[in-house]
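S.K.: To convert, note that position 433 of the sequence shown is 432 in numbering that gives the first Met the number 0; the numbers rise steadily by one, no gaps.
Ideal Cβ positions, reconstructed from N, Cα and C, are used throughout, including at glycine.
Just so you know, these numbers come straight off a predicted model, no measurement behind them.
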Amino acid sequence: MGIHSPVFCKKLAGAYFTPRDVAETLVAWALRSSNDRLLDPSCGDGQFLSAHSKTVGIEQNPFSAQAAVAAAPWALVHEGDFFLWAAETPERFECAAGNPPFIRYQNFKGAVRERALQLCSRHGAAFSGLASSWAPFLVATAALLKLGGRMAFVVPAEIGHAPYAAPLLDYLVESFSTVHIVAVREKLFPALSEDCWLLYAEGYGGAAPHIELTVCDTFKPSREPPKPTVKIDLAEWRTVWSRRLRPYVLPTEVRSLYGLAANHPESQRFGSFASVGIGYVSGDNDFFHLRPSEAKRWKIPGAFLHTSLRNGRAMPDRQITLKTVEKWKQADDPVLLLRLKRDQDLPASVIKYLDSSAGMAARGGYKCRNRTPWYAVPDVQVPDYMLSYMAGRTVNLVRNSAGVTCTNSVHAVQVQDRALAAKFLPQWSTPFVRLSCELEGHALGGGMLKLEPREASRVLFPAQCIAENAAAEVLETGIRVLQKWRHYAD
Ligand SMILES: C[S@@+](CC[C@H](N)C(=O)[O-])C[C@H]1O[C@@H](n2cnc3c(N)ncnc32)[C@H](O)[C@@H]1O
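Below, the structure is given as structure tokens:
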């Protein structure tokens, strides 16, 4: 694919242009007078610049910058990296509006990221290396406003849960007298898998007493943002909700119940009695996992094979037993991990398999190339439980009663405190814990729920008195609401 093909550029440069009505709505709000100068730090083809007569845009892609000049010939368009320009310009603006590029940390790298993070840290916002580009864009833009200035932006819905959104939100509430976020459930960009919300911040130089949030189903063009539906208490947001906004899309009744449990001394987080980690990374799943018929054909001795749960789809409902393993083997599923250790004498049959054409191909792969010996898969463990980390309706936790191991397509759970595990794990399928998985995890495009190990460790098991008295309908409502927000339920 050529570097200027639309797909290549769009994805890597975070270049998805904003629908006209959204751009006009944000610009109309940001302006208070026709004399106001408006900045768009990543102006693309000039959608925001063309909505006002006094505009300045920055755009690093020369083709888009040219399109912006054509769309708004009166605008001042600088071609180049916004962070470079922002660090040096003496200009200050009454307002800013736009749609910053959403480049994930893996691609947001090199000098641009270096400059972005340095600039933000000078303004008091400390992002880790895991921040996507849009968050530093907003900090660096805010710092170019005049006192009392305003900004209105399209933001990824990740602002509601990503850990790297926390330093941004902290910066915003410390820098603006009003911070208002509009959480829109339906997609603003129908072609994008990511959801987008809107940010309105006003009164640069002030400090916000709370975060205003409007929870709504659809975007409606208007001069004013829709009225806030929740005023978020900053202390509660920081402590109970670990600086995440997503819990606030829940009805108050559900959130209060969850907050009560979170603060109860007898409630427990999953991570307080078990560790959640990832399974092994083989480096070449097809080569390292043999079918029983293949193992037989290659005459690989059983001592060099360990039955493995390869992915979430193979997970039974509650428990992996010897019967489950038997079923896998009878179906001739590729469940036998070739488990070889360093400094181990290998029989001729294993050596023959390693030297087969599949083995020759496997050893050239990235993981295998970078370990010695290439065939010893590290971190093979026998967890007490396995946890699916990508879920549709419910997150599956299965007990490992057959001593199998697992790949990194599922999470490996090792129990640290058996008494607490025995007390709390039977609650796993209850509405409360299901709600907790929805709340602590996050939505992936396509309606799936993802639980990273860090998020799984936060899954909350309520104190018994709460578990017994919580109204199931309230909890089920909460589950449905969150599933609707991740586009799983209608
Ligand atoms: C999501 S698009 C938004 C464009 C336009 N504001 C709109 O909403 O229609 C983001 C734009 O940021 C540009 N961009 C990415 N990194 C940049 C950087 N470091 N400096 C300036 N522009 C950048 C991309 O080329 C892309 O055109």
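Answer yes or no: the CB of N106 versus the heavy atoms of ligand 1, is any distance below 6 Å?
M.R.: Along the sequence shown, read from residue 1 onward, the residue named residue 106 stands at position 107. No; taking the cut-off as 6 Å, the Cβ of N106 has no heavy atom of ligand 1 nearer than that.
S.K.: Start and end of the beta strand (DSSP E) containing C215?
M.R.: In the sequence shown, counting from the first residue as 1, residue 215 sits at position 216. Segment H209 to C215, the beta strand (DSSP E) holding C215.
S.K.: Quick one: any contact between the segment 366-382 and the segment 335-352, if contact means 3 or more CB pairs under 8 Å?
M.R.: Taking 8 Å as the limit for Cβ pairs, the verdict is that the segment 335-352 does touch the segment 366-382.
S.K.: Considering I350, what are the terminal residues of the alpha helix (DSSP H) in which it resides?
M.R.: Sequence index remark: in the sequence shown, residue 350 carries index 351 (1-based). Annotation: the continuous alpha helix (DSSP H) that includes I350 extends over A347 to L353.
S.K.: Got a sec? Which residues, its chain only, sit under 7 Å from G358 by beta carbon, not counting five neighbours each side?
M.R.: Looking up residue 358 in the sequence shown gives position 359. Excluding positions up to five away in sequence, the list reads F286 and Y352.
S.K.: In this structure, does DSSP put N262 in helix, strand or coil?
M.R.: Numbered from its first residue, the sequence shown carries residue 262 at position 263. Of the three classes helix, strand and coil, the one that applies to N262 here is helix, per DSSP.
S.K.: Should A131 be counted as a contact of ligand 1 given a C-beta to heavy atom distance under 6 Å?
M.R.: Here residue 131 is taken as the residue at index 132 of the sequence shown, counted from 1. It is worth fixing the name first, because residue 131 is Ser in this sequence and not Ala. No; taking the cut-off as 6 Å, the Cβ of S131 has no heavy atom of ligand 1 nearer than that.
S.K.: Could you check which residue in V76, G444, Y257 and Y170 has the C-alpha nearest to that of L137?
M.R.: For the purposes of this step, residue 137 is taken as the residue at position 138 of the sequence shown. Nearest of V76, G444, Y257 and Y170 to L137, Cα basis: Y170.
S.K.: Ignoring anything shorter than 3 residues, give me the beta strand (DSSP E) runs that lie fully in the segment 348-390, in order along the chain.
M.R.: 384-387
S.K.: Sorted by chain position, which residues of the same chain lie with C-beta nearer than 7 Å to P166's C-beta, five sequence neighbours on each side aside?
M.R.: Taking the first residue of the sequence shown as position 1, residue 166 is located at position 167. Closer than 7 Å at the Cβ level, and outside the excluded window around P166, lie A124, A125 and F126.
S.K.: Which term fits S63, buried or exposed, when burial requires 16 or more other beta carbons within 10 angstroms of its beta carbon?
M.R.: To locate residue 63, count along the sequence shown from 1; it is residue 64. Buried, by the Cβ-count rule.
S.K.: Please state whether the Cβ-Cβ distance between L336 and H288 is less than 7 Å.
M.R.: Numbered from its first residue, the sequence shown carries residue 336 at position 337. Numbered from its first residue, the sequence shown carries residue 288 at position 289. Taking 7 Å as the Cβ cut-off, L336 and H288 qualify as a contacting pair.
S.K.: Using the beta-carbon count (16 or more within 10 Å), is Y365 buried or exposed?
M.R.: Residue numbering aside, residue 365 sits at position 366 when the sequence shown is read from its first letter. The residue is exposed, with fewer than 16 neighbouring Cβ atoms inside 10 Å.
S.K.: Given the structure, does V111 come close to ligand 1, in the sense that its CB is under 6 Å from one of the ligand's heavy atoms?
M.R.: For this step, residue 111 is matched to residue 112 along the sequence shown. Within the cutoff, so yes.
S.K.: Shorter than 6 Å, the distance from the beta carbon of S41 to the closest heavy atom of ligand 1, or not?
M.R.: Locating residue 41 in the sequence shown gives position 42, where the first residue counts as 1. Under cutoff, so the answer is yes.
S.K.: Answer yes if the segment 40-54 comes into contact with the segment 66-84, meaning at least three C-beta pairs across the two stretches below 8 Å, and no otherwise.
M.R.: The segment 66-84 makes contact with the segment 40-54: 3 or more CB pairs, one atom from each, lie closer than 8 Å.
S.K.: Would the segment 225-233 and the segment 23-35 be scored as touching if the rule is three or more Cβ pairs under 8 Å?
M.R.: no
S.K.: Who are the Cβ neighbours of R114 in its own chain at under 8 Å, not counting the five residues just before and after it?
M.R.: Within the sequence shown, residue 114 is the residue found at index 115, counting from 1. Correct list, in chain order: D80, F82, L83 and A86.
S.K.: What is the residue span of the alpha helix (DSSP H) that N399 lies within?
M.R.: Counting from 1 along the sequence shown, the entry for residue 399 is found at position 400. Not the alpha helix (DSSP H): N399 falls in the beta strand (DSSP E), residues L396 to N399.
S.K.: Would you kindly report the start and end of the unbroken beta strand (DSSP E) that includes K326?
M.R.: Start at 1 with the first residue of the sequence shown, and residue 326 comes out as number 327. For K326, no beta strand (DSSP E) segment is defined; the enclosing uninterrupted segment is the alpha helix (DSSP H) at L321 to Q329.
S.K.: Can you tell me which of L118, L75 and V253 puts its alpha carbon nearest to the alpha carbon of A141?
M.R.: Along the sequence shown, one-based indexing puts residue 141 at 142. Closest by alpha carbon: L118.
S.K.: Would you identify the three-state DSSP class for D416, choosing helix, strand or coil?
M.R.: Within the sequence shown, numbered from 1, the residue matching residue 416 stands at position 417. Three-state result, D416: coil.
S.K.: Look at the alpha carbon of P135 and the alpha carbon of L116, and state the distance between them as a whole number of angstroms.
M.R.: As a position in the sequence shown, residue 135 is number 136, starting the count at 1. As a position in the sequence shown, residue 116 is number 117, starting the count at 1. One C-alpha to the other measures close to 7 Å.
S.K.: Shorter than 7 Å from the beta carbon of A470 to some beta carbon of chain B?
M.R.: Looking for chain B here will not work: only one protein chain is present.
S.K.: If you drop the 5 nearest sequence neighbours on each side, which residues of the same chain put their C-beta closer than 7 Å to that of R36?
M.R.: Here residue 36 refers to the residue found at position 37 of the sequence shown. Hits under 7 Å: K53, V55, F92 and E93.
S.K.: Where do the ends of the beta strand (DSSP E) carrying L38 lie?
M.R.: Numbered from 1 along the sequence shown, position 39 holds the residue referred to as residue 38. L38 -> beta strand (DSSP E) spans L37 to D39.
S.K.: Drop a sphere of 10 angstroms on the beta-carbon of I350, count the other beta-carbons inside from all chains shown, and report buried for 16 or more, exposed for fewer.
M.R.: Residue numbering aside, residue 350 sits at position 351 when the sequence shown is read from its first letter. So I350 ends up on the exposed side.
S.K.: Among E58, G446, E451 and A375, which residue has its Cα nearest to the Cα of S387?
M.R.: Along the sequence shown, read from residue 1 onward, the residue named residue 387 stands at position 388. Minimum Cα distance to S387 is reached at E451.
S.K.: Going by DSSP, what residue range makes up the beta strand (DSSP E) through S176?
M.R.: In the sequence shown, counting from the first residue as 1, residue 176 sits at position 177. Where S176 is concerned, the enclosing beta strand (DSSP E) stretches over F175 to V183.
S.K.: Using DSSP bridges, identify the partner residues of T306.
M.R.: On the sequence shown, residue 306 is found 307 positions in, with the first residue counted as 1. In DSSP, T306 forms a bridge with L335.
S.K.: Provide the residue(s) that pair with C405 in DSSP beta bridges, ordered along the chain.
M.R.: On the sequence shown, position 406 is the one that residue 405 refers to. DSSP, once it has assigned bridges, lists L308 as partnering C405.
S.K.: Let me check you understand the geometry: is the CB of T17 closer than 6 Å to at least one non-hydrogen atom of ligand 1?
M.R.: Locating residue 17 in the sequence shown gives position 18, counting from the first residue. Indeed, a heavy atom of ligand 1 lies less than 6 Å from the Cβ.
S.K.: Applying the 10 Å Cβ sphere with the 16-neighbour rule, what's the burial state of R457?
M.R.: Numbered from its first residue, the sequence shown carries residue 457 at position 458. R457 should be labelled buried.
S.K.: Going by DSSP, which residues form a beta bridge with Q274?
M.R.: Numbered from its first residue, the sequence shown carries residue 274 at position 275. Here residue 274 is Ser; the residue named in the question, Gln, does not match the sequence. S274 is bridged to Q413.
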